[in-house]
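Presented below is the structure to which this report refers.
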Amino acid sequence: MKKSFPILVSLVLLTACTSAPADSVAATPEPTATPVITLEPTPSPTPAPTMAVYDEVSFDDWRDGAGCTMPDYTFSAPHKPQPQRGEKAAWPTDGVTLCCNAQTLEEAAEVFHTTVENLKELNPDWEEVYARDGMYYQLKVQAKPYTLPMNNVVTVTVNAPWVESYYDCTEVCDVPASLDKQARAALASAYYFQYHWWGMHAGFLPYEKLDEPVGFFNYRAADGAFYTKFSEFGSFLHTVYSDAWVDDMLSMDPALFAEGENDTILTLDGDRGGNIAYCGHLFTEPELQPDGSLTFWQLSLTCESDDFKGWAGEETIVPDTATVTTVRLVPTENGWRVDALELPS
Numbered sequence: 411m412k413k414s415f416p417i418l419v420s421l422v423l424l425t426a427c428t429s430a431p432a433d434s435v436a437a438t439p440e441p442t443a444t445p446v447i448t449l450e451p452t453p454s455p456t457p458a459p460t461m462a463v464y465d466e467v468s469f470d471d472w473r474d475g476a477g478c479t480m481p482d483y484t485f486s487a488p489h490k491p492q493p494q495r496g497e498k499a500a501w502p503t504d505g506v507t508l509c510c511n512a513q514t515l516e517e518a519a520e521v522f523h524t525t526v527e528n529l530k531e532l533n534p535d536w537e538e539v540y541a542r543d544g545m546y547y548q549l550k551v552q553a554k555p556y557t558l559p560m561n562n563v564v565t566v567t568v569n570a571p572w573v574e575s576y577y578d579c580t581e582v583c584d585v586p587a588s589l590d591k592q593a594r595a596a597l598a599s600a601y602y603f604q605y606h607w608w609g610m611h612a613g614f615l616p617y618e619k620l621d622e623p624v625g626f627f628n629y630r631a632a633d634g635a636f637y638t639k640f641s642e643f644g645s646f647l648h649t650v651y652s653d654a655w656v657d658d659m660l661s662m663d664p665a666l667f668a669e670g671e672n673d674t675i676l677t678l679d680g681d682r683g684g685n686i687a688y689c690g691h692l693f694t695e696p697e698l699q700p701d702g703s704l705t706f707w708q709l710s711l712t713c714e715s716d717d718f719k720g721w722a723g724e725e726t727i728v729p730d731t732a733t734v735t736t737v738r739l740v741p742t743e744n745g746w747r748v749d750a751l752e753l754p755s
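So the mapping is simple: our numbering equals the position in the sequence shown, first residue as 1, plus 410.
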């Protein structure tokens with residue numbers, strides 16, 4: 411997660427001033443394509459001897475035990491994934507270019523079981539694509555086209571009816587169908603939070619202006635925001651994310667949120683744009699790791715062709731590039747928690 415912090419901090423510094431309502435449990439999906447990429451460490455169904463083993467937590471127990479008002483959730487039946495641009499985007503049957511973002515070439519080489527020399531051959535402009543925030547973006551990681559997996563997903567609608575903004579009230583997202591219901595809800599909650607207040611927009615709305623700034627903060631969350639009490643906000647975060655993730659988010663410099671006087675929430679205000687070439691995202695199959703976590707790839711699909719002119723025309727857009735990021739859920743005695751997730755667009 412820390413690897414995504416420089417992007418978000420830069421954003422804040424620059425800007426601060428469809429689902430079917432069925433509730434069914436998925437059968438194990440039957441992928442129709444085998445991913446070429448593999449995870450580190452190699453997935454194993456056998457827990458490590460030192461791994462803590464927890465009983466499964468039901469969705470109802472997870473939501474009821476949150477210690478705060480939680481959103482409402484609706485789950486569709488399992489279904490095959492599609493690019494999220496509807497009829498405007500088509501499935502790339504011929505494969506796509508597989509890419510990653512990384513802080514170092516060594517890091518990318520280790521994850522994708524290749525060498526730094528091979529990455530340099532695949533990316534002759536590797537020195538030019540090194541960005542000022544210390545990241546390599548869209549590094550090509552294999553020469554042959556990558557066949558996208560078609561693992562089943564479930565569409566989860568997350569709705570917080572007390573939120574004032576109609577746009578911020580609801581998020582509809584797909585998550586892997588092989589996750590249990592509680593894990594699906596936690597992951598969908600993370601997408602909801604990050605899309606609306608820790609990604610595309612940064613900070614809570616509506617807010618009130620402080621009489622005097624507190625460090626970087628000029629505002630406090632007001633009625634109609636997702637949360638107005640820091641204690642409830644903290645309960646939500648710890649219900650959805652791992653303790654380590656929450657600690658990292660709240661200790662950023664500058665952080666987007668902090669506790670104010672009388673349990674209020676200090677907040678920044680910022681926005682960033684999205685990638686116009688974004689077509690949707692898919693997942694590889696979640697796999698149990700020796701440490702007990704569930705880890706899988708999120709594949710963000712984009713059209714990088716020079717012929718791409720946007721979405722206003724009549725032609726169907728076929729994504730040609732998939733950029734991978736890691737999604738990780740860790741087990742706790744109170745259910746699964748999200749420990750790594752980056753927005754796909």
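Think of the CB as a built atom: it goes at the ideal place given N, C-alpha and C, for glycine as much as any other residue.
DSSP, read as helix, strand or coil, puts Tyr556 in strand. Between the beta-carbon of Asp584 and that of Thr565 there is about 5 angstroms, and that keeps the pair under the 8 angstroms contact cut. Contact between Lys639 and Asp590 is absent: CB atoms are separated by about 30 angstroms, not below the 8 angstroms threshold. Taking 8 angstroms as the cut-off, the beta carbon of Glu743 is found no closer than this to the beta carbon of Tyr540. About 5 angstroms separates the Cβ atoms of Asn511 and Tyr547, confirming a contact at the 8 angstroms cut-off.
The beta carbon of Tyr601 sits closer than 7 angstroms to those of Glu581, Cys583, all from its chain and outside the five residues before and after it, given in chain order. Take the alpha-carbon of Lys498 and the one of Met560: they are about 19 angstroms apart.
The beta-carbon separation of Pro696 and Pro586, rounded to 5 angstroms, stays under the 8 angstroms limit for a contact. Looking at the DSSP output, Ile686 bridges to nothing. With fewer than 16 other beta carbons inside 10 angstroms of its own, Arg542 counts as exposed. Gly644: member of the alpha helix (DSSP H) spanning 640-650, first to last residue. When the alpha-carbon of Ser468 is set against those of Pro534, Gln592, Glu574, the nearest one is in Gln592.
In the assembly as shown, Tyr576 is an exposed residue. Its beta-carbon has fewer than 16 other beta-carbons within 10 Å. A check of alpha carbon separations from Met610 across Ala596, Gly684, Cys509 identifies Gly684 as the nearest. Nearest neighbour of Ile686 by Cα position, chosen from Ala665, Phe718, Thr677, turns out to be Phe718. A distance below 8 angstroms separates the beta carbons of Phe614 and Ala631.
Beyond the five residues adjoining it in sequence on each side, Glu714 comes within less than 8 angstroms, by CB distance, of Thr507, Gln548, Ala687, Asp730, Thr731 in the same chain, given in chain order. Excluding residues up to 5 positions away in sequence, Gly613, Phe614, Tyr617, Tyr629, Ala631, Phe667 lie with their Cβ nearer than 6 angstroms to the Cβ of Thr677 in the same chain.
Per the coordinates, the alpha-carbon of Glu671 lies some 54 angstroms from the alpha-carbon of Glu527. Annotation note: the stretch 501-542 contains the following uninterrupted alpha helix (DSSP H) runs of length 4 or greater, listed N- to C-terminal: 515-521, 526-532.
For Ala487, there is no enclosing alpha helix (DSSP H), as DSSP marks it with neither H nor E. Selection Leu753, Thr733, Thr726 evaluated against Ala500 yields Thr726 as nearest (Cα-Cα).
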